[in-house]
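Okay, structure first, notes after.
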Amino acid sequence: MDQTPSEAPRRSRRAKWVTGISLIVAGIVGLAAWAVTSPDAVAYYKTPSELSDGDAVAGRNVRVGGRVVDGSLERAGTHVSFVISDGRNEVPVTYSGEVPDTLKDGTDAIAEGRIVGGTLVAKRIQAKCSSKFVPAERTEEHLGRA
Amino acid sequence: MLGRGLLGVGIAFAGYALFAAPASLGRDRANKTWTVARPELLASARRALVAVALSVGAASVLLWYGFFTRDFSLRYVAANTSRAAQPWYTFSAFWSGMAGSLLLWCLVLAVVTALFAARRSPDREAFVPWAIPVLAGTQLFFLGITTLAENPFARVDVIPPDGRGMNPLLHSPGMVIHPPLLYAGLVCLIVPFAIAVSALIIRRTDADWIRLVRRWVLVPWLALGAGLVVGGAWAYTELGWGGYWGWDPVENAAFMPWLAATAFLHSAVVQERRGMLKIWNVFLVTVAAVLATFGTFLTRSGLLSSVHTFAESPIGKWFFVFLTAQTFLGLGLLVWRLPHLRSENALGSPLSKEAAFLFNNLVFVGAAAVVLWGTVLPLATEAIGGSQLAVGPPFFNRVMAPIGALLLLLSSVGTVVPWRRASLARVAKRLALPASVATAFAVAALVVARRPTFAGLVWIAAWLGATSVIEIARAARARSRISGFPVRAAARGLFARNPRRYGGYLVHLGVAVMVIGFAGSIGRTQTEVVVSPGERFEAAGYALRFERLERSEVPDKEVNLAVLELFRDDRRIGTLRPQLNFHRNWEQPQSEIAIRSTPRADLYVILAAVNADGGEAVFRIHHNPLVLWVWIGALLAFAGGLTSLLAGRSQRNQRNQRNQQGTQPPPRGIRGAEPPESETSIAIPTMRSPPI
């Protein structure tokens, strides 16, 4: 500063800065807290086994991952149904909407939605392609999206 | 074997450079600084880095050669291409898998390092000796994992007659340029980090430092931004879910360093003009580089699926070590040099340009923090509690929409508010005209769309757009008045004289246009129809007639092509040809989407299913308002960034010439030495030389 401001205005200026910065930080934190508590923001990852072990999932958004059981995938128009398995237990899934091209029998898939009467009614489906040469990996290119 | 050998040669040279560059320095005890005591050693380190680029380049050419000659004895080639592949997709198959992606990474890193270190340039000479070890160390890491863990030159035991080919989803022009752009962006962020480390060691975080770093951040910022947009366009045209951004972890991985880089590009201006925010700037450069490494790590280590696959993945652990080392190096040096990083000026008034920039920085970093939190939440909860918890797009949209709106508002204010302090009345006066333009836009949006949220977003975006245009116009008029040049020539001169400022305004305008495009997603609709050939139906304000389904067989796939005639007001206005193909090698269907793009909205038609006997077909039809403006805005923003980068070159050359003639411009950022912030300061140089 060309002229040294006296102590009092400098202090009030600092208070303004502190207020401004705190407002922004608090605003972002508050926003995130609000968004995370709003419905459907959070999904709980469950394996088919955890679901059949009776984990409480009623009314909750869950993500179930596993392998699409061979021969279980049925496409009727844009409605698909299939069964996801983790090797021990299975969960039937129904879905209506954009089906990722990579969703097919034997691939790994993740379905997100709610459990209704033992069936996962999915709102989003992700599939990763099984690869014959490369070990399974999830990259951008391999990711289908619902 | 040859390919791996070439990578080994690269490792040897990088290892040499790592030690040779610091070894060339001698301690000047009197001044407590380092000076180059053995110039020949430094020169050899530079040549070693060129040798790294050449050997990694040769290895890459070798892999490309394998692809083009269909050398299926290479496992990576067999897995990613087939005899039927077209030349472009043979070329891009290079990076369609893990090993090749890492090799591309090494290639970009080697070339960028050579470009930075090999050429002697007065403005970076001081930083080179300590930047080299950081760059060479990074090279060693990436070359190491490419050679040891993910060897792209591994052979197969039994050579297959044909390769499997690339995943059909990657058969898109977007996939040819999207990964290299993203990699270039992520890789280049290591250079500003190296410069920052070097600056902290030699205690030179001055005006020269910030100018150099800013340029090296601008390049990756542009590349990342372009990469994100191209990736969005690829998703939009190829994946068939009707959108272009889904808050996918791999998207977030590139988005976070972009946010940090954007914050830095703004705070760098504050340091240059006012000598403030030095600590913050070093911090941002470190954060951007760490986030870039983390992004690579996230997409390339299998970390995304689960913590467990990450632990099993061979490169995950090494990435973790590297990331930790990078973080500690950056932050440790920062703390060590804190006393040296004092501001030259105290914080001014909260209503000033520096304040607007600082607040905008906080919001950008906050946004990056929120995205990071949302991205790593599944991993963190799994590591702590065993069960994963994830947040999806609804969370990100709810948080990021208000944050984006706040950023736009801050940008409008930041554009017009002067440095140091401002009177509220004057700022309000300069914002009044753009605000009324924005109100006109918002009212029009409300009348047409009848959605208050949409109108509100349009208002905010139009405010920034109008502010940017009006500021450019004002400055051009003032310049033309003083210099006597016509307004258009004066405007061109404006961009040539102060490319960073006016290029920046152009970026703001582009972002504003993009946001209007984003806001259009509020009015999205989709319908699904099941129709037989010859049948007419209505969708998204159009009448369509499903003419016929054409089926054909080509070597690698079975093609179903639907022909739809499009009518509006009983007038035929076009034909749409969506496809649903079945790839035999991949046992996978793939949709080719038909899009009719107009400034108002995109008509986006997916052939979702066909009846086996060729009768009925299922179409999913999206009506996506204003999507075209996302791409137009992105092009504008890219043009602005490019202006600011390239037009700055001529200015820099002039400055270097001036420096050599011994007429130093007044140092910036020193108390009382700033040029006045007004139109006249822009116009004065014109009187000496005509605008370019």
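Heads up: the sequence lines are chains Z and P, in that order. The first sequence begins at 1 in my numbering and counts up one residue at a time. The second sequence begins at 147 in my numbering and counts up one residue at a time. Built from N, CA and C at the ideal position, the CB exists for glycine as well. Owing to the predicted nature of the structure, the values given are computational and were not obtained by experimental measurement.
Neighbour-count burial assignment, residue i, 16 or more Cβ in a 10 Å radius
i, result
"residue 443 of chain P", "buried"
"residue 206 of chain P", "buried"
"residue 808 of chain P", "Because residue 808 of chain P sits at a pLDDT of 47, beneath the cut-off of 50, its placement in the model cannot be relied upon, and the following sentence gives the value as read from the coordinates. Looking at its Cβ environment, which holds fewer than 16 other Cβ atoms inside 10 Å, residue 808 of chain P is exposed."
"residue 149 of chain P", "buried"
"residue 12 of chain Z", "exposed"
"residue 339 of chain P", "buried"
"residue 530 of chain P", "exposed"
"residue 719 of chain P", "exposed"
"residue 372 of chain P", "buried"
"residue 565 of chain P", "buried"
"residue 757 of chain P", "exposed"
"residue 234 of chain P", "exposed"
"residue 126 of chain P", "Nothing in the structure corresponds to residue 126 of chain P, since chain P is present only between 147 and 838."
"residue 211 of chain P", "exposed"
"residue 29 of chain Z", "exposed"
"residue 587 of chain P", "buried"
"residue 164 of chain P", "buried"
"residue 604 of chain P", "buried"
"residue 229 of chain P", "exposed"
"residue 580 of chain P", "buried"
Within 8 Å, strictly: CB atoms of residue i and residue j
i, j, result
"residue 86 of chain Z", "residue 48 of chain Z", "yes"
"residue 264 of chain P", "residue 370 of chain P", "no"
"residue 112 of chain Z", "residue 61 of chain Z", "yes"
"residue 560 of chain P", "residue 649 of chain P", "no"
"residue 619 of chain P", "residue 629 of chain P", "no"
"residue 376 of chain P", "residue 332 of chain P", "no"
"residue 657 of chain P", "residue 779 of chain P", "yes"
"residue 430 of chain P", "residue 403 of chain P", "no"
"residue 302 of chain P", "residue 224 of chain P", "yes"
"residue 311 of chain P", "residue 216 of chain P", "no"
"residue 713 of chain P", "residue 688 of chain P", "yes"
"residue 359 of chain P", "residue 414 of chain P", "yes"
"residue 84 of chain Z", "residue 66 of chain Z", "yes"
"residue 616 of chain P", "residue 554 of chain P", "no"
"residue 416 of chain P", "residue 422 of chain P", "yes"
"residue 479 of chain P", "residue 289 of chain P", "no"
"residue 508 of chain P", "residue 568 of chain P", "no"
"residue 708 of chain P", "residue 763 of chain P", "yes"
"residue 726 of chain P", "residue 748 of chain P", "no"
"residue 187 of chain P", "residue 166 of chain P", "yes"
"residue 82 of chain Z", "residue 64 of chain Z", "no"
"residue 353 of chain P", "residue 418 of chain P", "yes"
"residue 600 of chain P", "residue 668 of chain P", "yes"
"residue 172 of chain P", "residue 181 of chain P", "yes"
"residue 512 of chain P", "residue 25 of chain Z", "yes"
"residue 362 of chain P", "residue 334 of chain P", "yes"
"residue 202 of chain P", "residue 153 of chain P", "yes"
"residue 611 of chain P", "residue 573 of chain P", "no"
Residues that residue i bridges to, as DSSP identifies them
i, result
"residue 96 of chain Z", "Z:79"
"residue 747 of chain P", "P:771"
"residue 44 of chain Z", "Z:62 and P:535"
"residue 729 of chain P", "P:703 and P:734"
"residue 688 of chain P", "P:685"
"residue 85 of chain Z", "Z:67 and Z:90"
"residue 765 of chain P", "P:675 and P:753"
"residue 709 of chain P", "P:694"
"residue 113 of chain Z", "Z:62 and Z:122"
The segment 518-539 of chain P: which residues have C-beta closer than 9 Å to a C-beta of chain Z, in chain order? 519, 520, 523, 524, 527, 528, 533, 534, 535, 536, 537, 538 and 539
If contact means a Cβ-Cβ distance below 9 Å, which residues of the segment 273-295 of chain P contact chain Z? none
Interface residues of the segment 738-763 of chain P facing chain Z [CB-CB below 8 Å]: 752, 754 and 755
Residues, ordered as in the chain, of the segment 369-395 of chain P that lie near chain Z by beta-carbon distance below 8 Å: 377, 381, 385, 386, 387, 388, 392 and 394
For the segment 646-682 of chain P, list the beta strand (DSSP E) runs that are entirely contained and at least 3 residues long, ordered along the chain. 671-677
If you measure beta-carbon to beta-carbon, which residues of the segment 28-58 of chain Z are closer than 7 Å to chain P? 28, 31, 32, 35, 36, 38, 40, 41, 42, 43, 44 and 45
Taking a Cβ distance cut-off of 8 Å, strictly less, list which residues of the segment 110-122 of chain Z are near chain P, in chain order. 112
In chain order, which alpha helix (DSSP H) runs of at least 4 residues are fully inside the segment 162-234 of chain P? 185-214 and 221-226
Please list, in chain order, the residues of the segment 89-100 of chain Z that have any C-beta partner in chain P closer than 7 Å. 98
Output needed in chain order: residues of the segment 483-496 of chain P with a Cβ under 9 Å from some Cβ in chain Z. 491, 492, 493, 494, 495 and 496
In the segment 237-274 of chain P, which residue ranges form an unbroken alpha helix (DSSP H) of at least 4 residues, counting only runs that do not cross its ends? 244-264
What residues in the segment 723-739 of chain P have a beta carbon less than 8 Å from any beta carbon of chain Z? 732, 733, 734, 735, 736 and 737
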